[in-house]
Amino acid sequence: MNVLPFLVAGLISLQPWLTSTPSDEPSRRVVLPQVDVMIDAGHGGIDGGTSHGDLLEKRINLEIAKETYRQLSHKGLHPALNRNDDRAMSDDNRWLKIHSRHLRDLAQRKLMADELAPKMLVSLHVNWSRDSSQRGGLVLYQKNDQSKRLAAELQASLNHLYQVEEKPIYGKTYYILNRTRCPAVIVEMGYISNVTDRSWLTSSKKQKEIAAALSAAIEHYLLMGAQSALPSSGAPAKYMN
Ligand SMILES: [Zn+2]
Numbered sequence: 018m019n020v021l022p023f024l025v026a027g028l029i030s031l032q033p034w035l036t037s038t039p040s041d042e043p044s045r046r047v048v049l050p051q052v053d054v055m056i057d058a059g060h061g062g063i064d065g066g067t068s069h070g071d072l073l074e075k076r077i078n079l080e081i082a083k084e085t086y087r088q089l090s091h092k093g094l095h096p097a098l099n100r101n102d103d104r105a106m107s108d109d110n111r112w113l114k115i116h117s118r119h120l121r122d123l124a125q126r127k128l129m130a131d132e133l134a135p136k137m138l139v140s141l142h143v144n145w146s147r148d149s150s151q152r153g154g155l156v157l158y159q160k161n162d163q164s165k166r167l168a169a170e171l172q173a174s175l176n177h178l179y180q181v182e183e184k185p186i187y188g189k190t191y192y193i194l195n196r197t198r199c200p201a202v203i204v205e206m207g208y209i210s211n212v213t214d215r216s217w218l219t220s221s222k223k224q225k226e227i228a229a230a231l232s233a234a235i236e237h238y239l240l241m242g243a244q245s246a247l248p249s250s251g252a253p254a255k256y257m258n
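Going left to right, the sequence shown walks through residues 18 to 258 as this note's numbering numbers them.
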């Protein structure tokens, strides 16, 4: 059994003494595993996210996040999940003394990602549109090449599943993209406002397919990154990324 979700949750309580303990005290050092990807299950607890009737985005995010975690682990990769139940991250944040629950939630997610230093962060969300015919996945990226490349992989994978031709977009105003240190993307996995997407996002069979599309893209991104890091005999170093 993989214990990473619990390990990540445990970091919250570790944080106060991690920051207040001298770093040269060996007995208190925490050795963290190399995490390939942190899966950020959007919203939770009092924060339901977008909705349709009784259906709340936070539930969909958590179900697909858990399934993606399972599938990535099955591939032999090392994912981490930042919540594995219906919790409000803002309640876990006892270190940022500000009134805004929303900001405390986002800051807590950033802190967890920064502590674990994963190779990437993939934040899972569900979209909403006034136009109920709008459907498919949409990926938002940071202003750096790794995030763009990851977004392109995820978008292509979701486009194939949904049979749409969306393009990833730059998520200029999003806290999690602006503040997280590792390459990060936000994945809007489909539209709760579209009847077909809604049925996919809530069916366990289709949730597995969405998770498979995400996992395949993440695996491909890691594989391509590993290949581009290998020394090349032909191309000059300046062409390597
Ligand atoms: Zn959301």
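Beta carbons are placed, not taken as given, at the ideal position from N, Cα and C, and that holds for glycine.
All values reported here derive from a predicted model rather than from experimental measurement.
Alpha-carbon to alpha-carbon, His116 and Tyr86:
Numbered from its first residue, the sequence shown carries residue 86 at position 69. Numbered from its first residue, the sequence shown carries residue 116 at position 99. Approximately 32 Å between the Cα atoms of the pair.
Within the same chain, show all residues whose beta-carbon is closer than 7 Å to that of Tyr208, passing over the 5 residues directly before and after it, in chain order.
Against the sequence shown, residue 208 aligns to sequence position 191. Once the five neighbours on either side are set aside, the close Cβ partners of Tyr208 are Asn144, Trp145, Ser146, Gln151, Arg152 and Asp214.
Should Glu74 be counted as a contact of ligand 1 given a C-beta to heavy atom distance under 7 Å?
Taking the sequence shown and counting its residues from 1, the one referred to as residue 74 is at position 57. Glu74 Cβ: within cutoff of ligand 1.
Considering only heavy atoms of ligand 1, does any lie closer than 7 Å to the CB of Gly66?
Position 49 of the sequence shown, counting from 1, holds the residue named residue 66. It does: the Cβ of Gly66 is within 7 Å (strictly closer) of some heavy atom of ligand 1.
Ordered along the chain, which non-local residues of its own chain (more than five positions away) have a Cβ less than 7 Å from that of Ala134?
Translated into the one-based positions of the sequence shown, residue 134 becomes position 117. Take Ala134, set aside five residues on each side of it, and the residues of its chain with a beta-carbon closer than 7 Å to its own are Cys199, in chain order.
If you follow the beta strand (DSSP E) that Asn144 is part of, which residue opens it and which one closes it?
Taking the sequence shown and counting its residues from 1, the one referred to as residue 144 is at position 127. For Asn144, the uninterrupted beta strand (DSSP E) segment begins and ends at Leu138 to Asn144.
Pick helix, strand or coil for Ile63, following the three-state DSSP scheme.
Residue 63 sits at position 46 when you count from the first residue of the sequence shown. DSSP, reduced to helix, strand and coil, places Ile63 outside both helices and strands of the structure shown, so it counts as coil.
Residue(s) in a DSSP beta bridge with Ala134
Residue mapping note: residue 134 aligns to position 117 of the sequence shown, counting from 1. Residue pairing of Ala134 in beta bridges, as defined by DSSP: absent, with no partner found.
In whole angstroms, give me the CA-to-CA distance for Gly66 and Lys189.
Against the sequence shown, residue 66 aligns to sequence position 49. Against the sequence shown, residue 189 aligns to sequence position 172. The alpha-carbon atoms of Gly66 and Lys189 are separated by roughly 20 Å.
Within 10 angstroms of its Cβ, does Asn161 collect 16 or more other Cβ (buried), or is it exposed?
One-based indexing of the sequence shown puts residue 161 at position 144. Asn161 is exposed by the Cβ-count criterion.
Check whether the Cβ of His60 lies closer than 7 Å to any heavy atom of ligand 2, and answer yes or no.
Of the ligands this structure carries, namely ligand 1, none is ligand 2.
In the DSSP output, what is Asp57 paired with across the bridge?
Counting from 1 along the sequence shown, the entry for residue 57 is found at position 40. According to DSSP, Asp57 bridges with Ser140.
Rounding to the nearest angstrom, what Cα-Cα distance links Met241 and Lys83 in this structure?
The residue you call residue 241 lines up with position 224 of the sequence shown. The residue you call residue 83 lines up with position 66 of the sequence shown. Computed Cα separation, rounded: 25 Å.
Determine the direct distance from the alpha carbon of Trp112 to that of Leu167, and round the result to whole angstroms.
The sequence position of residue 167 within the sequence shown is 150, counting from 1. The sequence position of residue 112 within the sequence shown is 95, counting from 1. Taking the straight line from one Cα to the other gives about 31 Å.
Any idea what DSSP makes of Thr38, helix, strand or coil?
Taking the sequence shown and counting its residues from 1, the one referred to as residue 38 is at position 21. Unreliable positioning characterises Thr38 in this predicted model, as indicated by a pLDDT of 38, which lies under 50. The coordinate reading is nonetheless provided below. The answer is coil: DSSP assigns Thr38 none of H, G, I, E or B.
Determine the DSSP secondary structure at Glu170, reduced to helix, strand or coil.
Stepping through the sequence shown from its first residue, residue 170 is reached at position 153. Here Glu170 sits in helix by DSSP.
Within its chain, find whatever has a CB closer than 6 Å to the CB of Tyr238; leave out the 5 residues flanking it on each side and keep chain order.
Within the sequence shown, numbered from 1, the residue matching residue 238 stands at position 221. Contacts found: Leu167 and Glu170.
Would a C-beta distance cut-off of 8 Å place Asp53 and His95 closer than the cut-off?
As a first step, residue 53 is located in the sequence shown; it is residue number 36 there, counting from the start. As a first step, residue 95 is located in the sequence shown; it is residue number 78 there, counting from the start. Contact flag set, yes.
Would you identify the three-state DSSP class for His177, choosing helix, strand or coil?
For the purposes of this step, residue 177 is taken as residue 160 along the sequence shown, with counting starting at 1. DSSP, read as helix, strand or coil, puts His177 in helix.
Could you tell me the distance, in whole angstroms, from the CA atom of Tyr187 to the CA atom of Leu138?
Position 170 of the sequence shown, counting from 1, holds the residue named residue 187. Position 121 of the sequence shown, counting from 1, holds the residue named residue 138. Rounded to the nearest angstrom, the two C-alpha atoms are 16 Å apart.
Within the same chain, show all residues whose beta-carbon is closer than 6 Å to that of Leu231, passing over the 5 residues directly before and after it, in chain order.
One-based indexing of the sequence shown puts residue 231 at position 214. The beta carbon of Leu231 sits closer than 6 Å to the beta carbons of Thr85 from its chain, once the five residues preceding and following it are set aside; these are given in chain order.
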